[in-house]
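In the order they appear, the protein sequences are chains E and W. When we follow my numbering, the leftmost residue of the first sequence carries the number 1, and every step to the right adds one. When we follow my numbering, the leftmost residue of the second sequence carries the number 333, and every step to the right adds one. Here the structure is laid out as structure tokens; the discussion comes afterwards.
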Amino acid sequence: MEPNGPAPEHEEHDEDIHLPPPSLWPVGFAVGVVVVLVGLIINPTLISPIGGAIAIIFGVLWARDATAELRGQPIHVEPERREMVEAGAGETAPPADQQGAALPPPEPGETFPRSRFLEGTTLGLGALIGGVITVPVAGFAVLPSFLRQRGHKVDLGPVAGFPQGQWYIATFTVDPSEGAVSRRTAFIRNNGPTTNNEPSFTIISNRCAHLGCPVQANGPTGAILGQKTVHEHTANGPVTLEPVVPAGFGCPCHGGQYDTEGNRTAGPPVRALDRYGFEVDHGRLVLLSTYSVSHVIGTGGQAKIYKYKEAGPGQHVDGPEQWFYPLQPPHH
Amino acid sequence: MPYSRKPTRAEIRRERLQEAINFPLDWLEERSGLVGGIRYFLFRKVPADTNWMQTLGSAALTAFLVQAITGVILAMYYKPDPKDAYSSIQNITDHLTMGWMVRGMHKWGASVFIILMFLHMGRVFLFGAYKYPRELNWIIGVLILVMGMMEGFTGYLLPWDQTAYWASVVGINLNGTAPFLGPWLAQFLRSGQEIGADTLSRFYSLHMLLIPGGIISLIGLHLYLVIRLGVTSPPWSREAAGMVPADEEPVPLRPGLTRPVPRTIAAAQGDAGGSE
């Protein structure tokens with residue numbers, strides 16, 4: 001025996017380990033169980049009993065094998081041995097904790113390009129796999145909020161239902177498939193035809209330009225005025241038109257106040273109220289997307305509206321503060 | 333000879349019981365080192381004059397665990413859908429056995445968690461326990477506090493009543509006013525240009541998966557650093573603060589410094605440590 005080989009006491013340790021001897025009977029037992037289960041499906045009266053018999057026979061054999069030592073029959077397990085492997089020029093490798101380092105220390109100036117290469121490829125491959133997985137997942141988490149945002153058209157019924165000069169609080173559903181969560185309110189006034197004989201409507205969104213609370217009309221509504229609230233049913237589901245005589249609009253959350261053109265008159269809002277675009281289609285008033293407004297000069301059909309691309313509440317659209325919001329996310 | 337007399341039956345029984353307890357523990361320890369690890373974690377040496385204020389961190393952790401457990405159970409009954417969210421909350425509160433209790437624990441426990449984090453933070457500040465070498469743990473703690481508040485924000489929408497809806501509208505729009513990326517952040521949170529069905533399920537996912545996962549990881553780091561750096565003694569203590577690695581002799585106190593400097597740190601500081 002080599003001086004560095006396993007010490008003789010290792011042999012004694014082998015006898016301390018009590019393991020059941022290797023046995024093939026469990027394989028037969030497992031086959032029996034499988035036959036029982038298959039038989040339950042195919043033919044419970046014939047095949048299952050056969051499987052049961054196989055399982056019992058092999059089970060007993062297995063149990064006898066496993067308990068052989070308990071019944072006083074000596075068992076012989078061939079201990080696992082690993083042959084010493086020749087290393088280098090005919091030398092047997094010493095144990096790792098003896099005779100110093102296995103490799104000679106590197107020569108000065110010696111490089112290991114292969115190790116470097118393997119390091120790089122391992123890390124690179126890991127990064128590639130990680131990227132291939134992460135990029136689509138992160139895209140799915142983020143992109144649907146921004147891409148393919150749909151615009152909606154909202155049918156508010158015949159134009160004839162809006163007498164000239166009368167304000168209405170219109171409540172409607174933008175997307176009936178989304179249900180009540182897409183219910184919106186707008187303040188609408190028919191301004192009558194313009195000088196070009198085009199229809200003119202003032203349609204103000206009730207979303208406060210401060211932080212988005214629902215702005216209310218300051219003034220008496222339907223019941224007090226003695227006018228009826230109109231309930232219609234259009235392609236967008238139920239639409240309610242409640243007559244109102246507003247002195248302006250006010251927000252219950254933080255006290256923002258607006259005049260009847262939506263210009264800010266007091267409080268924290270940073271601009272005028274947003275407005276809805278509109279079109280008249282076959283004599284019906286149809287609301288389009290909203291746009292933002294910095295301020296409005298004049299009233300009604302003669303009003304000069306300073307329009308901007310739709311911006312979120314609280315975001316300036318004019319003045320130096322607009323530089324804080326150079327890029328708006330895509331909007332319908 | 334192990335016994336000078338024959339052991340009594342009680343002694344034999346006790347010995348067997350001991351063996352029955354030790355056997356699985358030894359089995360586990362031999363294969364994983366977990367038993368020793370847990371012992372190392374739970375039975376650390378701490379300064380003799382630690383006081384009750386130093387239990388606030390564990391109290392905050394307990395509050396978090398209460399939130400996690402009650403939250404998991406609420407998730408079994410809650411339905412994150414605009415049509416069902418409100419009615420499922422009503423059902424939990426009014427009809428399901430003990431539902432009012434678990435929802436109440438989750439709702440009020442949220443405030444308890446935040447309050448305990450602030451009290452813990454105050455203790456760390458007043459004890460000077462944020463100072464070298466524990467600055468990083470202060471930073472991690474601040475991140476946990478921020479994520480705790482994000483839990484509050486995302487959880488507030490879930491009851492889906494008027495308060496929840498409008499508070500979230502205002503909260504999201506507040507995020508939207510942040511310069512440059514604000515509008516993008518708001519649209520991401522809204523899951524589109526308007527609040528809708530996806531907003532609710534997005535907040536639900538953030539509230540019960542992403543943010544808690546982050547908090548749990550940060551708590552793990554936080555505790556790792558507590559164990560590595562040891563517990564600080566109170567400022568009035570004459571005892572050494574923090575843990576000196578077992579295999580190192582503590583370097584004597586430098587004048588004006590209230591804790592001993594582990595040798596590795598003293599060495600890194602060069603001669604200044606020894607000569608002063």
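A virtual CB, placed ideally from N, CA and C, is assigned to each residue, including glycine.
Against chain E, a Cβ distance below 7 Å from Thr509/W picks out Gly314 and Gln315. Counting of Cβ neighbours within 10 angstroms places Asp413/W among the exposed residues, the total staying below 16.
Taking the Cα of Tyr488/W as reference, the smallest distance to any Cα among Val378/W, Met540/W and Pro465/W is reached at Met540/W. One thing to note: Val293/E has its Cβ within 8 Å of the Cβ of Leu273/E. Leu538/W and Ser500/W have their alpha carbons spaced roughly 14 Å apart. A distance below 7 Å between beta-carbons, with the five flanking residues on each side excluded, links Pro313/E to the following residues of its chain, in chain order: Arg207, Cys208, Ala209, His210, Leu211 and Gly212. The segment 233-250 of chain E makes no contact with the segment 310-326 of chain E, as fewer than three CB pairs between them are under 8 Å.
Taking 8 Å as the cut-off, the Cβ atoms of Cys251/E and Val502/W do not count as close. If you ignore the 5 residues before and after Gly151/E, its C-beta comes within less than 6 Å of the C-beta of Ser289 and His332, all in its own chain and listed in chain order.
Three or more beta-carbon pairs separated by less than 8 Å are not found between the segment 490-498 of chain W and the segment 447-456 of chain W, which leaves the two stretches without contact. Distance check between Ala496/W and each of Ala417/W, Asn507/W and Ile353/W places Ala417/W closest, using alpha-carbon atoms only. Straight through space, the alpha carbons of Gln164/E and Gln227/E are spaced by roughly 15 Å.
Considering only beta carbons, the part of the segment 142-154 of chain E lying closer than 8 Å to chain W consists of Val142, Pro144, Ser145, Phe146 and Gln149, in chain order. The C-beta of Cys213/E comes closer than 8 Å to at least one C-beta of chain W. Trp167/E: member of the beta strand (DSSP E) spanning Trp167 to Thr173, first to last residue. The segment 528-537 of chain W makes no contact with the segment 548-557 of chain W; the number of CB pairs closer than 8 Å stays below 3.
Where Arg183/E is concerned, the enclosing beta strand (DSSP E) starts and stops at Arg183 to Asn190.
Comparing C-alpha distances from Asn190/E to each of Lys309/E, Phe146/E, Gly131/E and Glu261/E shows the shortest one belongs to Glu261/E. Taking 8 Å as the cut-off, the Cβ atoms of Pro330/E and Gln149/E count as close. Gly514/W has its alpha-carbon roughly 10 Å from the corresponding atom of Leu327/E. Thr425/W carries a helical assignment under DSSP once its states are collapsed to helix, strand and coil.
For the segment 174-193 of chain E, residues whose beta-carbon sits nearer than 9 Å to a beta-carbon of chain W comprise Val174, Asp175, Glu178, Gly179, Ala180, Val181, Ser182 and Arg184. His295/E sits in a strand when the DSSP states are folded into three classes.
Ile204/E and Leu287/E have their alpha carbons spaced roughly 11 Å apart. Taking a C-beta distance under 8 Å as the contact criterion, Ile547/W and Leu521/W do not qualify as a contact pair. Take Pro193/E, set aside five residues on each side of it, and the residues of its chain with a beta-carbon closer than 8 Å to its own are Pro199, Ser200 and Gly301, in chain order. In the structure shown, Phe373/W adopts helical secondary structure according to DSSP, grouped into three states. Within the same chain, Phe201, Ile203, Leu285, Val286, Leu287 and Leu288 come within 8 Å of Phe278/E by CB-CB distance, once the 5 residues on both sides are set aside. Looking from the CA of Glu80/E, the closest CA among Ser182/E, Pro22/E, Asp281/E and Val181/E belongs to Pro22/E. Close partners of Trp498/W in chain E (Cβ separation under 7 Å): Cys213. For Ala53/E, the closest of Val280/E, Ile169/E and Phe29/E by C-alpha to C-alpha distance is Phe29/E. A distance of 8 Å or more separates the beta carbons of Ala400/W and Val444/W.
If you compare the alpha carbons of Val398/W, Gly508/W, Asn354/W and Arg341/W with that of Ala442/W, the shortest gap goes to Val398/W.
For Ile551/W, the closest of Ile344/W, Lys377/W, Ser364/W and Ala391/W by C-alpha to C-alpha distance is Ala391/W. When 8 Å is used as the limit between beta carbons, Pro22/E is near no residue of chain W, the shortest such separation being about 23 Å. Taking the Cα of Gly431/W as reference, the smallest distance to any Cα among Thr402/W, Arg455/W and Pro544/W is reached at Thr402/W.
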